[in-house]
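*Asks:*
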Amino acid sequence: MTGQTSDAILQRMMSLHPKIIDLTLDRVWQLLEALDHPERKLPRVIHLAGTNGKGSTQAMLRAGIEAAGLTCHAYTSPHLARFHERIRLAGQLISEADLTAVLDECVTANGGASITYFEITTCAALLAMSRVPADFVLLETGLGGRLDATNVVETPAMTIITPISMDHEQYLGDTLAKIAGEKAGILKRGVPCVVGPQPDEALEVIEARAQALGAPVLAHGQHWHVWEERGRLVFQDENGLLDLPLPNLPGAHQLQNAGAALAALRYLALGEAACEGAMTGAEWPARMQRLRNGPLTEMAPGVELWLDGGHNPAAGEALAAHLAKLPERPTHLICGMLNTKDARGFLRPLAKVADSLTAISIPGEANTLAAAETATLAADVGHKVREAADVAGALATIAADAPGARVLICGSLYLAGSVLREGSA
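Position 168, counted from 1, in the sequence shown is what this note's numbering calls 167; the numbers after and before it change by one each time, with no gaps.
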């Protein structure tokens, strides 16, 4: 042990490779071998990939597994406020002592070799999860699938591919088919795959890959269906109908994530309690999260304040659809985005439901779009725009102009994390 905090070790890990993203599995395999292959000592793994909905689907799966009286580890990224959020061991966030120990062990085993931050921290997560008993591991890809650092489990119990859309084109390809090919890289020979709603172009690629591997496919619209009826969720598969509460996570788009989670839970035969628990027990911060406490709510007590980390065109469509269904109220956006995202694509659908957009820069983020750039892009797609120095300043102006308004802080998980770190949730 070095005596350092996890934050200090994580900061050192940032300098082990010149790039943040460099997709290959070679460095991961080398470190896992030095660690005596923790990926081979895990409980049953459910591996998730997709552009949208991975985190929400994982949250529902975790709630369902725990409602069945079982335990599971979970790995997700990025974190919002603290790195510890990425790793759950038997349902609990990893402790500082355990995190520091596995990070230190991975740094030592790596021996100064070049490795990206995500690669070495994923190895640390696998190491931690290999040492604590549980019934399942929920393993979420960071980027893509085929060359993602999580794609090292030879025979998972199941894979899940949530909806695919255009995102990270510089790494995954410039067509849906190419991106789907990368996501489908998590499929394994003979291992069943639950597939959420997909564009035809993406589904064709996934099904072709599954056929080549002899992997059974449980596809939305073919093998399972999900819809809302009279304020309830109805799920149907070959085992019959389920009549359940709507997902605890708000938004019509959560129906499809709920469907994927239910298809997995039913295939694994975890019982009715698991299915009910997946709907009622899931929590996932910064996905249309209502902020009810903290300094932001105190400074604007009459404002209905929401937070969401969605950042691509599909997320913009989903947010716009959800906002349109809420009780009528003036709606204003506070938006900060990264310069690596399709800002116009995200903002365009929101122009139909927002009375104004206040652009800000994401604090402490090197790749943020400047507030002026976000404002220009927003104006290009029809928003009434203004700029502010930060979230608090933007909220103060909106609250003064429209004291009973609905305000959504959106555009980036990094912005959402900044808000949550300030204690506003």
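Every residue, glycine too, gets a C-beta built ideally from N, C-alpha and C.
Which residue marks the beginning of the beta strand (DSSP E) containing residue 355, and which one marks its end?
*Replies:* 355 to 358
*Asks:* In this structure, what does DSSP give as the bridge partners for residue 330?
*Replies:* 405
*Asks:* Contact check, residue 105 vs residue 126 under 8 Å by CB: the rounded distance?
*Replies:* 7 Å
*Asks:* Going along the chain, which residues of its own chain have a beta-carbon closer than 8 Å to the beta-carbon of residue 151, five neighbours each way excluded?
*Replies:* Within the same chain, Cβ atoms closer than 8 Å to the Cβ of residue 151 are found at 24, 27, 28, 31, 38 and 125, the five residues on either side in sequence being excluded.
*Asks:* Can you tell me where the beta strand (DSSP E) with residue 160 in it begins and where it stops?
*Replies:* Run containing residue 160: 157 to 160, per the beta strand (DSSP E) assignment.
*Asks:* Does the beta-carbon of residue 8 have 16 or more other beta-carbons within 10 angstroms, so that it is buried, or is it exposed?
*Replies:* buried
*Asks:* Which residue from 200, 182, 101 and 227 puts its Cα closest to that of residue 4?
*Replies:* Of the candidates 200, 182, 101 and 227, 101 places its Cα closest to the Cα of residue 4.
*Asks:* Roughly how many angstroms lie between the CA atoms of residue 59 and residue 370, to the nearest whole one?
*Replies:* So the alpha carbons of these two residues sit roughly 35 Å apart.
*Asks:* Identify, in the order they occur along the chain, each residue of the same chain with its Cβ nearer than 6 Å to the Cβ of residue 273, setting aside the five sequence neighbours on each side.
*Replies:* 63, 66, 67 and 264
*Asks:* My output table needs one value for residue 485: the three-state DSSP class, helix, strand or coil.
*Replies:* An answer regarding residue 485 cannot be provided, because it is not within the stretch 0 to 424 covered by the chain.
*Asks:* Using the C-alpha atoms, what's the distance from residue 56 back to residue 319?
*Replies:* 20 Å
*Asks:* Mind checking which residues open and close the alpha helix (DSSP H) that includes residue 82?
*Replies:* No alpha helix (DSSP H) contains residue 82, which DSSP labels as neither H nor E.
*Asks:* Relative to the alpha-carbon of residue 75, which residue among 89, 69, 53 and 114 has its alpha-carbon at the smallest distance?
*Replies:* When 89, 69, 53 and 114 are compared, the shortest CA-CA separation from residue 75 is found for 53.
*Asks:* Please name the residue, chosen from 157, 42, 419 and 305, that lies closest to residue 89 on a Cα-to-Cα basis.
*Replies:* 42
*Asks:* Below 8 Å, how does it come out for the segment 293 to 301 and the segment 388 to 399: are there three or more Cβ pairs, yes or no?
*Replies:* In this structure the segment 293 to 301 touches the segment 388 to 399; the number of beta carbon pairs closer than 8 Å is three or more.
*Asks:* Taking residue 201 and residue 176 to be in contact with their CB atoms under 8 Å, please state how far apart those CB atoms are, rounded to whole angstroms.
*Replies:* 7 Å
*Asks:* Whether or not the segment 269 to 289 and the segment 361 to 375 are in contact is what I'm after, with contact meaning three or more pairs of Cβ atoms, one per stretch, closer than 8 Å; do they touch?
*Replies:* no
*Asks:* Could you pull the start and end residues of the alpha helix (DSSP H) that residue 390 belongs to?
*Replies:* Where residue 390 is concerned, the enclosing alpha helix (DSSP H) starts and stops at 390 to 400.
*Asks:* Quick one: what's residue 135 bridged to in DSSP?
*Replies:* 43 and 71
*Asks:* Secondary structure at residue 244, three-state DSSP: helix, strand or coil?
*Replies:* strand
*Asks:* With 16 as the cutoff for other CB atoms within 10 Å, does residue 404 come out buried or exposed?
*Replies:* buried
*Asks:* On the DSSP letters alone, give me the boundaries of the alpha helix (DSSP H) that residue 232 sits inside.
*Replies:* Taken as a continuous stretch (DSSP letters only), residue 232 belongs to no alpha helix (DSSP H), being part of the beta strand (DSSP E) at 231 to 236.
*Asks:* When the distance is taken between beta carbons, is residue 249 closer than 9 Å to residue 281?
*Replies:* no
*Asks:* With 16 as the cutoff for other CB atoms within 10 Å, does residue 240 come out buried or exposed?
*Replies:* exposed
*Asks:* Which residues does DSSP pair with residue 28 in a beta bridge?
*Replies:* Looking at the DSSP assignment, residue 28 forms no beta bridge with any residue, so it has no partner.
*Asks:* Given this structure, state the Cα-to-Cα distance separating residue 227 from residue 113, to the nearest angstrom.
*Replies:* Spanning the two alpha carbons is a distance of roughly 49 Å.
*Asks:* So what does DSSP say about residue 421, is it helix, strand or coil?
*Replies:* Under the three-state reduction of DSSP output, residue 421 falls in the coil class, being neither helix nor strand.
*Asks:* If you follow the beta strand (DSSP E) that residue 265 is part of, which residue opens it and which one closes it?
*Replies:* Counting along the chain, residue 265 falls outside any beta strand (DSSP E), though it belongs to the alpha helix (DSSP H) covering 253 to 266.
*Asks:* Need the endpoints of the beta strand (DSSP E) that residue 304 sits in, please.
*Replies:* 303 to 306
*Asks:* Please report the distance separating the alpha-carbon of residue 382 from that of residue 253.
*Replies:* 26 Å
*Asks:* Does any residue of chain D bring its CB to less than 9 Å from the CB of residue 139?
*Replies:* The chain inventory of the structure shown lacks chain D, comprising one protein chain alone.
*Asks:* Under the assumption that residue 159 contacts residue 131 (Cβ atoms under 8 Å), give the Cβ distance between them as a whole number of angstroms.
*Replies:* Contact doesn't hold; Cβ gap of about 23 Å is too wide.
*Asks:* Taking only three categories from DSSP, how would you classify residue 228?
*Replies:* Note: residue 228 maps to strand in three-state DSSP.
*Asks:* When we look at the beta-carbon of residue 402 and count the other beta-carbons within 10 Å, is it buried (16 or more) or exposed?
*Replies:* exposed
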